[in-house]
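Visitor: Going by the working numbering, the sequence shown wraps up at 601, each residue one higher than the last.
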Amino acid sequence: MKKIVAFVLAMTAGGLLWGASFRMPPGRWWDNPRLVRYLNLTPDQQSRIHDAVFDHAERMIDLNAAVKRAELRLGDLAQRDTFDEKAVRAAFAKLQMARQNLENERFDLLVAVRKILTVDQWKKLVTLREELRRRRAGQGRMGRRPGMMGRQRPSSPGAPIQPRPPQQPQYQQYQ
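#1: Grouping DSSP H, G and I as helix and E and B as strand, with all else coil, what is Q601?
#2: According to the neighbour-count rule (16 or more other Cβ atoms, all chains shown, within 10 Å of its Cβ), is H476 buried or exposed?
#3: Quick check: what's the CA-CA separation for Q471 versus E497?
#4: Check whether the Cβ atoms of L543 and L551 lie closer than 8 Å to each other.
#5: Please state whether the Cβ-Cβ distance between V479 and R525 is less than 8 Å.
#6: To which residues of the same chain is Q547 closer than 6 Å at the C-beta, ignoring the five residues directly before and after it?
#7: With 16 as the cutoff for other CB atoms within 10 Å, does A519 come out buried or exposed?
#8: Measuring alpha carbon to alpha carbon, tell me which residue in M486, Q565 and T468 is nearest L528.
#9: Under a Cβ-count criterion, where at least 16 other Cβ atoms within 10 Å of its own Cβ denotes burial, should Q505 be classed as buried or exposed?
#10: State the start and end residues of the unbroken alpha helix (DSSP H) segment that holds T553.
#11: Measure the alpha-carbon distance for R460 versus E531 and round it to whole angstroms.
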């Protein structure tokens with residue numbers, strides 16, 4: 427138990443790890459040649475990460491389906507003409523448990539990948555993920571309509587759309 431507590435405390439120290447927004451990069455990032463070079467991943471690490479992701483992904487498919495089923499059941503119970511508060515509360519509790527199980531599996535995957543990477547590789551991965559998150563936030567993608575990239579929203583309905591001035595990236599691309 428002490429080892430687990432020490433591990434979690436060590437991982438959260440310095441703000442490097444388990445921020446609410448941290449997720450693994452999308453897709454098969456461990457096979458991306460530029461990212462492999464940037465992180466200096468070995469073929470053995472790539473293989474182990476692949477195996478861990480595949481193993482956890484299989485379980486997450488089932489857990490995600492359990493969340494969807496629980497959402498469906500809760501919605502059905504809440505919309506019935508005869509409202510049974512006790513049944514709705516029980517269905518909500520099952521939904522919360524299903525979501526928690528899915529998040530636990532995601533966390534377990536994160537821990538599995540962290541154990542495969544060296545400290546330097548992990549720091550680079552966290553830094554890269556944070557830079558990508560900042561870059562996306564800086565582009566103002568939230569709330570944009572398709573086709574609005576690089577243009578400002580009109581200040582009032584019917585006003586012309588003004589082009590947004592180009593911005594210089596504030597990060598270094600990994601090589």
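Each residue gets a CB set at the ideal place from its N, CA and C atoms; glycine is no exception. Predicted model, so just to flag it, every value in this text is computed and none were measured.
Guide: According to the data block:
#1: Any answer about Q601 is weak, because its pLDDT of 43 lies below 50 and its placement is not dependable; what the coordinates show is given next. In the structure shown, Q601 sits in coil (DSSP, three-state: anything other than H, G, I, E or B).
#2: By the neighbour-count rule (16 or more Cβ atoms within 10 Å), H476 is not buried but exposed.
#3: The C-alpha of Q471 lies about 37 Å from the C-alpha of E497.
#4: If you check the CB distance, L543 and L551 come in under 8 Å.
#5: R525 sits away from V479, with the two beta carbons spaced by 8 Å or more.
#6: Within the same chain, Q547 has close Cβ partners L465.
#7: So A519 ends up on the exposed side.
#8: When each option's Cα is compared against that of L528, the closest is M486.
#9: An exposed status is given to Q505, since fewer than 16 other beta-carbon atoms sit within 10 Å of its beta-carbon.
#10: Counting along the chain, the alpha helix (DSSP H) containing T553 begins and ends at V545 to G564.
#11: Take the alpha-carbon of R460 and the one of E531: they are about 28 Å apart.
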